[in-house]
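Residue numbers (my numbering): 311 to 535.
A virtual CB, placed ideally from N, CA and C, is assigned to each residue, including glycine.
As the structure is a prediction and not an experimental result, all values here were calculated from the model.
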């Protein structure tokens, strides 16, 4: 039996419709699920942000945005900042961005930190930094988490799911690397079923991302209609 109510679990779930097969048809389905279950936040295709914001006005579920395209974060800092400001002006509540993994893998940690700090200064909504953990060595994972925390970002996020799934040991290490800071961990990619969601929450993960249909399935597992 779950230690948490379905609503308590839904309050940690971030639902998405962003894969390469997604279309507008997914947006109203995701909106309906958000209205029904009060998921924490939803992310759709960028071209449909205004629709999501309008449809969820007055509801508990927030709408998130992303800086430029998901990938290895190698866009110029100025482009990331422009994209972040654009999203804020649209009315998104939180923003996901990618760490520059080219710099990280090259040992240019000072440039990674400088960029994160510059973005933090001008983007005032909560920020989650995607580090694509499945692609990193253990040393890179540790440095990435510590850099995100040092820049006073709100969350370090395992990945988009496009470059491999998150694993429990990986997430355990990420939690250890940000311990004692205000930076929280978001796990996304490869999360399946209510049991794994509960395990991650028990570990101390704050947010869990998954496709909206998977999130609906989790709610059904928990006994919701």
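So, helix, strand or coil for residue i, using DSSP?
i: residue 607; result: Because the chain here runs from 311 to 535, residue 607 falls outside it and cannot be looked at.
i: residue 439; result: strand
i: residue 325; result: strand
i: residue 377; result: coil
i: residue 497; result: strand
Apart from the five residues on each side of it in sequence, which residues of its chain come closer than 6 angstroms, Cβ to Cβ, to residue i?
i: residue 475; result: 499, 500
i: residue 347; result: 320, 529
How many Å lie between residue i and residue j at the Cα?
i: residue 441; j: residue 317; result: 29 angstroms
i: residue 388; j: residue 426; result: 12 angstroms
i: residue 416; j: residue 396; result: 30 angstroms
i: residue 506; j: residue 471; result: 16 angstroms
i: residue 446; j: residue 481; result: 13 angstroms
i: residue 361; j: residue 392; result: 21 angstroms
i: residue 372; j: residue 366; result: 7 angstroms
i: residue 340; j: residue 325; result: 8 angstroms
i: residue 421; j: residue 515; result: 28 angstroms
i: residue 448; j: residue 368; result: 43 angstroms
In its own chain, which residues sit with a C-beta less than 7 angstroms from the C-beta of residue i, not counting the 5 before and 5 after it?
i: residue 390; result: 377, 378, 407, 429
i: residue 334; result: 358
Residues in the same chain with beta-carbon distance under 8 angstroms from residue i, minus the five sequence neighbours each way, listed in chain order, please.
i: residue 332; result: 354, 355
i: residue 528; result: 319, 323, 503, 504, 507, 520
i: residue 423; result: 457, 460, 461
- Message: Closer than 8 angstroms is the cut-off here; do at least three beta carbon pairs connect the stretch 479–490 with the stretch 517–534?
- Response: no
- Message: Quick check: the stretch 444–454 against the stretch 504–517, are at least 3 beta-carbon pairs closer than 8 angstroms?
- Response: no
- Task: Determine, using beta-carbon pairs with one atom in the stretch 334–352 and one in the stretch 375–389, whether at least three such pairs fall under 8 angstroms.
- Result: no
- Item | Start-end ranges of the alpha helix (DSSP H) lying completely within the stretch 414–458, minimum 4 residues | 419–432
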